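Residue numbers (the numbering used here): -7 to 1022.
The structure appears right after this line, and notes come after that.
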């Protein structure tokens, strides 16, 4: 008995000894000849999966499993063990004397640039032939902390927000974006009379946006909190975008948000406080005295003209106002210095197996025009659960937004009102109507009275709920199955209401004063992807394959109605309307997209690499005979800098790559390929309502397709201290979807057809130079450049019909008597061999010094003074010869400075200011540009660029005289930041504190003197940002 007791005591002591010594002796005995251990993240202490472990100089290795465990055979004589993982610093360590060797790894900030996020799976940059641009969160925040989309322009010269000189800085204006030029032809409605270039802007050249693996609209990206971004990847060529097949011809913008991290509880608070001031520097309007003199010179008060003699008394009335000090600066009225604020709180934490995160954010953006704003509030919850070989991630976000626009008032409604008009009465209140002088029969509504005293409004709101689910199953070390699901519910509402008391209404029928338009929209989107991913590394060979299927279902339901006649400004309910102008109309549009994808990426010794992508898409949007289409891409490249001969030399990067492929896109409403029937609700038949065929479909309608060749190289010296990236591309888009004219006997004027071809040729350059660097200082300069040449290779029948309609619209134009300003617009026309951004009009030889009339040159070489739309030619092209950005980044210890400039040159623009406010201007009704006095012809012998000042009401048609070179330099942003030292923050339990001051749109220089911000002024913004971490 005692012997058994002693044995038990001895065994217990032995076990305790092994416990406190870590069991290394047992480990070594059971794993003799091997080294094994667990690799963890040094910060989070989480096991790292997929770490490559190998001995230097040996051709075998191991990869850590889901628990971070590895085991590798120990070579004779020992050696150094290398631990390598993408995104982490590589570690080389001598093996220990015992068999157990655990390791911790630190995330490498620089190596994050080595991964391209495509929305499907990360791809190593060195082994990828696609053309991409990667932008990190810090770069976005430095370029523009308030507008992420605007900031992207700084880092990719081919990504451009199309300049809209009318919308200015309106916070509710949706940006029109293009990437590598235009590929779409506008669908022309041959039944309408709106053939202006503005009416064709519905054609979208917009790239698609992918947020955390799912397609979203541009509004979602616009309202996104920039501090939550991890990175943005711009996919441009076929090798990069073919993953999205039928949706990718315009490019893909992939936005990746930051995921929660394991470890102790963390809290981050971010706030940006900003104010905007109106930028009115482009306006050059007359003072009251100058304006009255211009009217006199134009003959407005010439008593020898009996028909306008009443104006004589009006002259003295206006002069009396000027003598009394009336000189109203209308430009500043109705505007304000706008204060905006953005706040966000993010809390995350968790253990190795469970991570979670909670976010709250608010963005209150006020515009510089009174009563204009946009407010967005959001909340989200994120959970990441890992057990064994499975990982489940789910994120639910809720967003609510509301906005207000200035109702029924464009900035141009009062910016050009005459400066000698009084706006206040004797008590200092706004006049309801402006003064009406002798000889002027019109009644001027005071827009400022309308804004401040009536209940007119233009408001909208939306809410959105998104649930994203991701499930990973690590079947083996090399094989992973992933399921991604997303469900989105969104509701939009908008109302436009005009107060019945508005001075714009007459007194003929007071019961019908007051108008209201309402609309609502419901969208439901289900998006799911199932992926099988395979990654294998064998010695010097690396293989990555992806097989996936994608299903996307969308439903958009819209309703709208118009009402008229309201009893009072506060009684806005539709129930109070006296009549229904347009009864409620409902549209229900549904689409289905099914796609199958196979990709392969192979690399040898990190030197040679190739990519192959194939995608089969089927869509309900296309004709029943063309539902399915194949899209593909192939690419290859070589990393010369990885040759052994270039190791430890000045050459750090030398990569050549190329790709060719086919992508597609849609460019029409959901049911354009189908026959549509509509209820005849206006008549009642014995059997009930009738139906009629409202649209003729096309069973053979298919995708617009783009074939794209892309070639490029990257070159870097001294660890990329000098870095140059260059690309050239040739993209040909065929089967453009346009309207095909039909004989009126069919009952229809057009239907959709695939016709027309367009080519985009371009070059892109990106240069970065680290000018100076030591332990305290770092100075880096950057610059990029892009050139795109767009050519219409083949115009369709619809384009030809449109061109003829433009000519027909000018049949009633008389260059000596016509006053309709619609005739002054430079309407778009299509020409084979020209650009889609070409400007059409008559070639001008200038103004005759003898009589102040314009002289033209016809296409046949004949000189004439008669303007005709049939003699139009291409007189310019708005596409620039080059565009891009440049700037400097500098840092000194905890301080950092960032500056950026945008530029473009070589393009043309039609100077609408010269047309509308110098030449085609009614001097009796509005203020004008000062150049009226300097540049208008006044007497024989004058050599000028503008017609006779007495032709004050005559409209000038489109002419090359108003086409000017558009060379622009814009100081886009400057940001000064300070990072507090961690040692100073520890006592306050603060892990991070950063302060930033920034300014955006500081100045704008252009070779064209024209007014910008016609409907809504531009602005300059100044911001203060605080980032705190606990």
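Heads up, the beta-carbon is just placed ideally off N, CA and C, and yes, glycines get one too.
Since the structure is predicted, the reported quantities are computational estimates derived from the model, not experimental observations.
| task | Tell me, to the nearest whole angstrom, how far the beta carbon of residue 137 is from that of residue 329; I am working on the premise that it is less than 8 Å. | result | The count along the chain shown starts at 1 and reaches residue 137 at position 145. The count along the chain shown starts at 1 and reaches residue 329 at position 337. Actually they are not in contact, since the Cβ atoms of residue 137 and residue 329 sit about 18 Å apart, beyond 8 Å.
| Taking the alpha-carbon positions, what's the residue 624 to residue 356 distance? | Position 632 of the chain shown, counted from the start, is the residue given in the question as residue 624. Position 364 of the chain shown, counted from the start, is the residue given in the question as residue 356. Looking at the two C-alpha atoms, the distance is approximately 44 Å.
| request: Assign residue 681 to buried or exposed, taking buried as 16 or more other Cβ atoms, counted over all protein chains shown, within 10 Å of its Cβ. | output: Looking up residue 681 in the chain shown gives position 689. By the neighbour-count rule (16 or more Cβ atoms within 10 Å), residue 681 is not buried but exposed.
| field | Where residue 658 falls: helix, strand or coil (DSSP) | value | As a working note, residue 658 is residue 666 in the chain shown. Correct three-state label for residue 658: coil.
| query | Are residue 577 and residue 552 touching if we call contact CB-CB under 7 Å? | reply | Working through the chain shown from its first residue, we reach residue 577 at position 585. Working through the chain shown from its first residue, we reach residue 552 at position 560. For residue 577 and residue 552, yes; Cβs fall inside 7 Å.
| message | Determine whether the beta carbon atoms of residue 266 and residue 1015 lie at a separation below 7 Å. | response | Within the chain shown, residue 266 is the residue found at index 274, counting from 1. Within the chain shown, residue 1015 is the residue found at index 1023, counting from 1. Yes; because the gap between Cβ atoms is below 7 Å, this pair is in contact.
| message | Buried or exposed, going by whether 16 or more other CB atoms sit within 10 Å of the CB of residue 532? | response | Position 540 of the chain shown, counted from the start, is the residue given in the question as residue 532. Exposed: under 16 other Cβ atoms inside 10 Å.
| said: Suppose you measure from the CA of residue 101 to the CA of residue 80; what does that come to, to the nearest Å? | reply: Indexing the chain shown from 1 puts residue 101 at position 109. Indexing the chain shown from 1 puts residue 80 at position 88. Its pLDDT being 48, under 50, residue 101 is placed unreliably in this model, and the value from its coordinates should be taken loosely. Cα to Cα, the separation comes out at about 8 Å.
| request: Have a look at residue 859 and residue 847 and give me their C-alpha separation to the nearest angstrom. | output: Here residue 859 corresponds to residue number 867 of the chain shown, with the count starting at 1. Here residue 847 corresponds to residue number 855 of the chain shown, with the count starting at 1. Answer to the nearest angstrom: the Cα atoms are 9 Å apart.
| For residue 892, which of 131, 603, 436 has the nearest alpha-carbon? | By one-based count along the chain shown, residue 892 stands at place 900. The shortest C-alpha separation from residue 892 is found at 131.
| To the nearest angstrom, how far is it from the Cα of residue 572 to the Cα of residue 403? | Residue 572 sits at position 580 when you count from the first residue of the chain shown. Residue 403 sits at position 411 when you count from the first residue of the chain shown. Near 30 Å, if we compare the C-alpha coordinates of residue 403 and residue 572.
| said: Please report the distance separating the alpha-carbon of residue 583 from that of residue 612. | reply: For the purposes of this step, residue 583 is identified with residue 591 of the chain shown, where counting begins at 1. For the purposes of this step, residue 612 is identified with residue 620 of the chain shown, where counting begins at 1. Cα to Cα, residue 583 sits roughly 6 Å from residue 612.
| request: Evaluate residue 981 with the Cβ neighbour count: other Cβ atoms within 10 Å of its Cβ, from every protein chain shown; 16 or more gives buried, anything less gives exposed. | output: For the purposes of this step, residue 981 is taken as the residue at position 989 of the chain shown. By the 10 Å Cβ count, residue 981 comes out exposed.
| field | Backbone CA spacing between residue 874 and residue 758 [nearest angstrom] | value | Position 882 of the chain shown, counting from 1, holds the residue named residue 874. Position 766 of the chain shown, counting from 1, holds the residue named residue 758. When rounded, the distance between both Cα atoms is 13 Å.
| said: Let me confirm a value: residue 678 is counted as buried when at least 16 other C-beta atoms fall within 10 Å, else exposed. Which label applies? | reply: Position 686 of the chain shown, counting from 1, holds the residue named residue 678. Classification for residue 678: exposed.
| Expressed to the nearest angstrom, what Euclidean distance is found between the alpha-carbon atoms of residue 283 and residue 150? | In the chain shown, counting from the first residue as 1, residue 283 sits at position 291. In the chain shown, counting from the first residue as 1, residue 150 sits at position 158. Cα to Cα, residue 283 sits roughly 44 Å from residue 150.
| task | With a threshold of 16 other CB atoms inside 10 Å of the CB of residue 93, please say whether the residue is buried or exposed. | result | In the chain shown, the residue the question calls residue 93 occupies position 101. Buried, by the Cβ-count rule.
| query | Do the CB positions of residue 756 and residue 773 come within less than 7 Å of each other? | reply | Along the chain shown, read from residue 1 onward, the residue named residue 756 stands at position 764. Along the chain shown, read from residue 1 onward, the residue named residue 773 stands at position 781. Contact flag unset, no.
| said: Let's test the definition: count the other Cβ atoms within 10 Å of the Cβ of residue 540 and tell me whether it reaches 16, buried, or not, exposed. | reply: Mapped onto the chain shown, residue 540 falls at position 548. Classification for residue 540: buried.
| message | Quick check: the Cα distance between residue 233 and residue 997, rounded to an integer number of angstroms? | response | Residue 233 sits at position 241 when you count from the first residue of the chain shown. Residue 997 sits at position 1005 when you count from the first residue of the chain shown. Cα to Cα, residue 233 sits roughly 36 Å from residue 997.
| said: Can you list, in chain order, the residues of its chain with a C-beta nearer than 6 Å to that of residue 469? Leave out the 5 residues immediately preceding and following it. | reply: The count along the chain shown starts at 1 and reaches residue 469 at position 477. Cβ within range, chain order: 55.
| query | Of the residues 366, 881, 498, which one's Cα is nearest the Cα of residue 147? | reply | Residue mapping note: residue 147 aligns to position 155 of the chain shown, counting from 1. The option with the nearest alpha carbon to residue 147 is 881.
| In this structure, does DSSP put residue 775 in helix, strand or coil? | Within the chain shown, residue 775 is the residue found at index 783, counting from 1. Residue 775: strand per DSSP, three-state reduction.
| task | State the beta-bridge partners of residue 530 as determined by DSSP. | result | In the chain shown, residue 530 corresponds to position 538, counting from 1. In DSSP, residue 530 forms a bridge with 533.
| query | In terms of residue numbering, what span does the beta strand (DSSP E) encompassing residue 866 cover? | reply | Working through the chain shown from its first residue, we reach residue 866 at position 874. Looking at the DSSP string, the run of the beta strand (DSSP E) that includes residue 866 is 865 to 869.
| query | residue 1011 and residue 271 look like a contact to me (Cβ under 8 Å); what is the Cβ gap, rounded to whole Å? | reply | Residue 1011 sits at position 1019 when you count from the first residue of the chain shown. Residue 271 sits at position 279 when you count from the first residue of the chain shown. About 6 Å; that satisfies the 8 Å criterion.
| request: Could you spell out the range, first to last residue, of the alpha helix (DSSP H) harbouring residue 407? | output: For the purposes of this step, residue 407 is taken as the residue at position 415 of the chain shown. Taken as a continuous stretch (DSSP letters only), the alpha helix (DSSP H) holding residue 407 covers 404 to 407.
| field | Where residue 140 falls, given that 16 or more other Cβ within 10 Å makes a residue buried | value | Sequence index remark: in the chain shown, residue 140 carries index 148 (1-based). Answer is buried; the Cβ neighbour count reaches 16.
| task | Take residue 154 and list the residues in its own chain whose beta-carbon comes closer than 8 Å to its own, dropping the five residues that flank it on each side. | result | Residue numbering aside, residue 154 sits at position 162 when the chain shown is read from its first letter. These residues qualify, in order along the chain: 167, 168, 169, 170.
| said: Please list the terminal residues of the continuous beta strand (DSSP E) segment that includes residue 1031. | reply: This structure leaves residue 1031 out entirely; the chain is present only between -7 and 1022.
| request: State the start and end residues of the unbroken alpha helix (DSSP H) segment that holds residue 440. | output: Here residue 440 refers to the residue found at position 448 of the chain shown. Residues 439 to 445.
| query | By DSSP, does residue 569 sit in helix, in strand, or in coil? | reply | Here the question's residue 569 lines up with position 577 in the chain shown. Here residue 569 sits in coil by DSSP.
| said: In chain order, what are the residue ranges of uninterrupted beta strand (DSSP E) at least 3 long that sit wholly in the stretch 324 to 367? | reply: 330 to 342, 346 to 358
| field | Pairwise C-alpha distance: residue 832 and residue 620 | value | Mapped onto the chain shown, residue 620 falls at position 628. Mapped onto the chain shown, residue 832 falls at position 840. One C-alpha to the other measures close to 39 Å.
| Close Cβ partners of residue 504 (< 8 Å) along its chain, the five nearest in sequence each way excluded | What you label residue 504 is simply residue 512 of the chain shown in a count that begins at 1. The answer, listed in chain order, is 556, 557, 570, 571.
| message | Considering Cα atoms alone, identify which of 537, 512, 530 is closest to residue 524. | response | For the purposes of this step, residue 524 is identified with residue 532 of the chain shown, where counting begins at 1. Residue 524 has its Cα closest to that of 537, out of 537, 512, 530.
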